[in-house]
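Residue numbers (the numbering used here): 4 to 317.
Beta carbons: idealized from backbone N, C-alpha and C, even for Gly.
This structure is a prediction, so every number in the text was calculated from the model and none was measured.
Have a look at the structure below before the remarks.
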Ligand code: ADP
């Protein structure tokens with residue numbers, strides 16, 4: 004079973020408006036509320052792939068109850084540590100072709116919550132084949148928290164697929180407990196290696212993925228939006244190209260890409276199949292209006308159009 008970790012889940016509320024009027028009343032006819040947070044998008048992606056998945060993390064309050072109800076509706080198994088603290092709402096106002104977002108930071112938690120969650124997580128490890136960790140930490144959690152989760156998983160030889168950014172990611176990269184795989188996008192990678200990356204230049208991509216901070220991470224998958232991905236798998240490099248498609252909503256594509264990677268690792272597939280599967284999932288997500296949703300009926304059609312080239316270094 005794949006375990007997905009979402010430490011700061013949310014109720015994602017979308018308000019479509021013809022026009023957003025500032026300093027006046029905006030009435031919304033059609034409100035959509037979903038269980039959100041990057042890790043829950045990953046969870047749905049894995050579920051669509053037909054692989055057993057368990058969602059965990061921390062949630063609480065009436066917002067937390069709402070998230071659990073939504074997961075029940077989607078038939079998703081979960082086992083969260085439930086606190087007294089209210090989980091967050093994240094609002095997206097869709098207006099005039101724009102998406103204006105208002106994101107709550109979420110509850111402020113403390114060391115007591117850290118300890119209880121670590122014990123909770125430890126108990127889930129025995130059932131897990133692969134672990135995905137996605138998104139930001141709750142306020143009050145130490146910056147090395149994902150390092151602690153990774154260390155515990157590594158002790159049980161469970162591969163960790165990590166998708167976070169900034170200081171939290173750097174803390175893991177600088178520690179001795181490395182994740183099995185990371186999937187930054189270009190901006191996230193640039194931010195951590197402090198280098199410019201030319202995605203049209205193979206030597207620039209290889210140089211970026213060769214950065215000392217990324218040493219000892221077996222799989223580094225740099226996702227490049229409409230340009231597919233560039234990957235280092237152990238010491239081999241792969242360029243992955245994808246067909247041109249009509250994008251409806253690209254939000255959550257990286258999460259669903261991670262779901263494809265996790266599913267593939269769970270099923271022991273080859274590197275080529277893993278990369279094709281991940282790209283196909285990402286593309287399918289961009290073609291749907293709902294974040295973190297894919298229509299698997301289109302899977303084979305797009306899978307066939309993904310091209311993986313093994314780069315032989317000169
Ligand atoms: P993130 O969502 O983490 O920023 P990306 O934007 O790189 O990640 O998207 C992840 C994957 O989703 C891409 O590698 C690709 O397979 C697919 N994808 C994202 N945007 C597009 C797009 N505009 N056209 C086609 N595929 C896309």
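**OP:** Please go through the same chain and pick out, in chain order, the residues whose beta-carbon is closer than 8 Å to the beta-carbon of residue 171, but skip the five residues on each side of it.
**Re:** 139, 140, 146, 148 and 149
Original post:
Going by alpha carbons, who is nearest to residue 236 out of 315, 89, 10 and 300?
Top reply: 315
Subject >> residue 262 to residue 5 span [Cα, whole Å] >> reply: 10 Å
**OP:** Note down, in chain order, each residue of its chain lying with its Cβ closer than 6 Å to the Cβ of residue 255, except the 5 sequence neighbours on either side.
**Re:** 44, 288, 294 and 295
Original post:
Around the C-beta of residue 279, are 16 or more other C-beta atoms found within 10 angstroms, so that it is buried, or is it exposed?
Top reply: buried
Original post:
According to the Cβ coordinates, are residue 79 and residue 128 closer than 9 Å?
Top reply: no
**OP:** Can you give me the Cβ contacts of residue 2 inside the same chain, cut-off strictly under 8 Å, excluding the 5 residues immediately before and after it?
**Re:** With the chain running from 4 to 317 in the structure shown, residue 2 is simply not present.
**OP:** Tell me the start and end of each unbroken beta strand (DSSP E) in the stretch 110 to 146 that is at least 3 residues and wholly inside, in chain order.
**Re:** 133 to 137
**OP:** Check whether the Cβ of residue 248 sits closer than 8 Å to any heavy atom of the ligand ADP, and report yes or no.
**Re:** yes
Subject >> contact_flag[the stretch 64 to 82, the stretch 16 to 32] where n(CB pairs < 8 Å) is 3 or more >> reply: no
Original post:
Under 8 Å from any heavy atom of the ligand ADP, does the C-beta of residue 245 make it?
Top reply: yes
Original post:
How many angstroms separate the CA atom of residue 196 from the CA atom of residue 303?
Top reply: 36 Å
**OP:** Tell me, please, which residues DSSP counts as bridged to residue 168.
**Re:** Answer is none; residue 168 lacks a bridge partner.
Original post:
Residues in its own chain within less than 7 Å of residue 82 by CB, not counting five upstream and five downstream?
Top reply: 57, 59 and 127
Original post:
Any chance the CB of residue 1 is under 8 Å from a heavy atom of the ligand ADP?
Top reply: This structure cannot speak to residue 1, because the chain is shown only from 4 to 317.
Subject >> For residue 269, the three-state DSSP class (helix, strand or coil) >> reply: helix
Original post:
Which ranges would you report for the beta strand (DSSP E) in the stretch 190 to 214 if only whole runs of at least 3 residues count?
Top reply: none
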